[in-house]
Amino acid sequence: MKRFRALASWQANLLFEPVEFEGREVLVHRGIYERVRCWEYRQLPSIVRVTRPSRPDKARRLGFKAKQGYVVYRVRVRHGGRKRPVPKGIVYGKPTNQGVTQLKFQRSKRSVAEERAGRKLGGLKVLNSYWINEVSILKIPKLEVGKMKVF
Numbered sequence: 000m001k002r003f004r005a006l007a008s009w010q011a012n013l014l015f016e017p018v019e020f021e022g023r024e025v026l027v028h029r030g031i032y033e034r035v036r037c038w039e040y041r042q043l044p045s046i047v048r049v050t051r052p053s054r055p056d057k058a059r060r061l062g063f064k065a066k067q068g069y070v071v072y073r074v075r076v077r078h079g080g081r082k083r084p085v086p087k088g089i090v091y092g093k094p095t096n097q098g099v100t101q102l103k104f105q106r107s108k109r110s111v112a113e114e115r116a117g118r119k120l121g122g123l124k125v126l127n128s129y130w131i132n133e134v135s136i137l138k139i140p141k142l143e144v145g146k147m148k149v150f
């Protein structure tokens, strides 16, 4: 007799919970929806303004209000390690500093995304950010950006 594995809750959601796709009448499964949405995000610029948060409950918990002065941006950040920028991989010095490829960047993708958005949007102040989607090489946090007061 064949044994069936019990599905974890996230696996059950992928298989059995349909989601309405971008306001259309067609229902698709959540995994397909997220793949299509991630493909769509990859075609756009790395920092793009969006009309409304994709996760309104999370956005409100982090301080977003649906009124003038609050804008939402989506920022795309690449996954992966940090390679030491040295010519031909030659590092001079002690053996402890010889590493070239297996270095790890010390800041999170979220902080990198917040910094990039803050640099591009000079007159605005970054309030907070949350995760939206990710694929093997890209991580896409969404940023809530509020307007700064000008005196």
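Take numbering that gives the first Met the number 0: the final residue in the sequence shown is number 150, and no numbers are missing along the way.
The beta carbon of each residue, even a glycine, is placed where N, CA and C say it ideally should be.
All of these numbers come straight from a predicted model, not from anything done at the bench.
What do you get for residue 104, buried or exposed, if any count of 16 or more other CB atoms within 10 angstroms of its CB means buried? exposed
Since residue 59 is in the alpha helix (DSSP H), which residue starts that stretch and which ends it? 55–60
Figure out for me which residue from 48, 41 and 96 has the closest Cα to the Cα of residue 123. Considering only alpha carbons, the answer is 48.
Quick one: any contact between the segment 63–71 and the segment 86–106, if contact means 3 or more CB pairs under 8 angstroms? no
Around the C-beta of residue 93, are 16 or more other C-beta atoms found within 10 angstroms, so that it is buried, or is it exposed? Exposed.
For residue 49: DSSP bridge partner residues: 71
At least three beta-carbon pairs within less than 8 angstroms, the segment 76–84 to the segment 56–67: no
From residue 0 to residue 33, what distance separates their C-alpha atoms? The predicted model places residue 0 with a pLDDT of 45, which falls under 50 and marks its position as unreliable; any figure quoted below should be read in that light. In this structure, the straight-line span from the alpha carbon of residue 0 to that of residue 33 is close to 36 angstroms.
Sequence-distant residues of its chain with Cβ nearer than 8 angstroms to residue 90 (five each side left out): 83, 96, 97, 98 and 99
From residue 172 to residue 51, what does the alpha carbon distance come to, in whole angstroms? Residue 172 is absent from the model: the chain starts at 0 and stops at 150.
So residue 112 and residue 134 are supposed to be a Cβ contact under 8 angstroms. How far apart are they, rounded? No, residue 112 and residue 134 are not in contact; Cβ-Cβ is about 15 angstroms, not under 8 angstroms.
How long is the line joining the alpha carbons of residue 115 and residue 107, rounded to whole angstroms? 13 angstroms
Helix, strand or coil for residue 115, going by three-state DSSP, please let me know. helix
Strand pairing of residue 36, partner residues [DSSP]: For residue 36, which the question treats as bridged, DSSP gives no partner whatsoever.
Pair within 7 angstroms by beta-carbon distance, residue 120 and residue 62: no
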